[in-house]
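Participant: Starting off with a structure, shown below.
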Amino acid sequence: MKVFLGEKHSFLEEVEARSGQKVQECYQCSKCSGGCPFSRVMDYAPNSILEMIVYGMKDQLLSSKAIQMCIQCGTCGAQCPAGFELYEVMNVLREMAKEEGYKTNEKKIPKMNSIFLGEVRNLGRMHEVNLMVKNMFSQGQLVKDVATLIPIGPPMFLKGIMGVGDMLSHKIQGQAHVAKIFENVEKMQGGHAK
Ligand code: SF4
Ligand code: SF4
Numbered sequence: 001m002k003v004f005l006g007e008k009h010s011f012l013e014e015v016e017a018r019s020g021q022k023v024q025e026c027y028q029c030s031k032c033s034g035g036c037p038f039s040r041v042m043d044y045a046p047n048s049i050l051e052m053i054v055y056g057m058k059d060q061l062l063s064s065k066a067i068q069m070c071i072q073c074g075t076c077g078a079q080c081p082a083g084f085e086l087y088e089v090m091n092v093l094r095e096m097a098k099e100e101g102y103k104t105n106e107k108k109i110p111k112m113n114s115i116f117l118g119e120v121r122n123l124g125r126m127h128e129v130n131l132m133v134k135n136m137f138s139q140g141q142l143v144k145d146v147a148t149l150i151p152i153g154p155p156m157f158l159k160g161i162m163g164v165g166d167m168l169s170h171k172i173q174g175q176a177h178v179a180k181i182f183e184n185v186e187k188m189q190g191g192h193a194k
């Protein structure tokens, strides 16, 4: 799918350069969308996203729900006859949306991503309980989430799946190195690593 776009080329060029994927070489066969476990909850199917990049539909894409819903599972790439790694493109689109201050239709996932990265930065690892509690507060749905957890939490303790130790968070030995990685990425991206 090669088209001439003249001056509107910059979005396509930037996505291709940052993702390392030749967006224009997609066949538009839709195998990626057929295999994607999240395409049914996306506002644009994965193959359509590639087409929209080619046609310079930057505003629609960077404010879309689809780029936030991608879980980077790579299923699309495993099914693609062109060996295309679509998750790399999704990742770049998400970064660009953040860098350029786009408001997305999907609010909850960016918040959770931010909490997740904050945990990894502060502890050097992810701590599930911290993530869950912080996410509950930040999403403003504490009562609903606690009600969901009541039938799940106590049985997990009773069966030994979770213990008191799992509730406490601690830093890993190399936490300072992990934090340094975040700092370096922030510098490279102009302050947008988190
Ligand atoms: S499976 Fe590959 S070639 Fe087919 S539409 Fe998706 S990215 Fe393009
Ligand atoms: S990497 Fe993203 S787009 Fe690809 S199959 Fe997984 S969720 Fe879908």
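Its first residue numbered 1, the sequence shown is counted upward by one per residue in our numbering. Positions of the beta carbon are idealized from the N, C-alpha and C atoms, including for glycine.
So what does DSSP say about residue 30, is it helix, strand or coil?
Facilitator: For this step, residue 30 is matched to residue 30 along the sequence shown. Coil.
Participant: State whether the stretch 124 to 139 contacts the stretch 96 to 105, with contact taken as three or more CB pairs (one from each stretch) at a distance under 8 Å.
Facilitator: Judged by Cβ distances under 8 Å, the stretch 124 to 139 makes no contact with the stretch 96 to 105, as fewer than three pairs qualify.
Participant: Report the option in 25, 171, 59 and 184 whose CA atom is closest to the CA atom of residue 123.
Facilitator: Reading the sequence shown from its first residue, position 123 is the one you call residue 123. Here the closest residue by C-alpha is 171.
Participant: Please report the distance separating the alpha-carbon of residue 169 from that of residue 117.
Facilitator: On the sequence shown, position 169 is the one that residue 169 refers to. On the sequence shown, position 117 is the one that residue 117 refers to. As the crow flies, the alpha-carbon of residue 169 is around 15 Å from that of residue 117.
Participant: By a C-beta neighbour count over all protein chains shown, 10 Å radius and 16 as the cutoff for buried, is residue 76 buried or exposed?
Facilitator: In the sequence shown, the residue the question calls residue 76 occupies position 76. The residue in question, residue 76, is buried, as its Cβ has 16 or more Cβ neighbours within 10 Å.
Participant: Specify the secondary structure class of residue 153 as computed by DSSP and reduced to three states.
Facilitator: As a working note, residue 153 is residue 153 in the sequence shown. Helix at residue 153.
Participant: What number of angstroms, rounded off, separates the C-alpha of residue 11 from the C-alpha of residue 145?
Facilitator: For this step, residue 11 is matched to residue 11 along the sequence shown. For this step, residue 145 is matched to residue 145 along the sequence shown. In a straight line, the C-alpha of residue 11 is about 39 Å away from that of residue 145.
Participant: Roughly how many angstroms separate the alpha carbons of residue 119 and residue 36, rounded to a whole number?
Facilitator: Locating residue 119 in the sequence shown gives position 119, counting from the first residue. Locating residue 36 in the sequence shown gives position 36, counting from the first residue. In a straight line, the C-alpha of residue 119 is about 28 Å away from that of residue 36.
Participant: Work out the CA separation of residue 13 and residue 143 for me, nearest whole Å.
Facilitator: Numbered from 1 along the sequence shown, position 143 holds the residue referred to as residue 143. Numbered from 1 along the sequence shown, position 13 holds the residue referred to as residue 13. Taking the straight line joining both Cα atoms gives about 46 Å.
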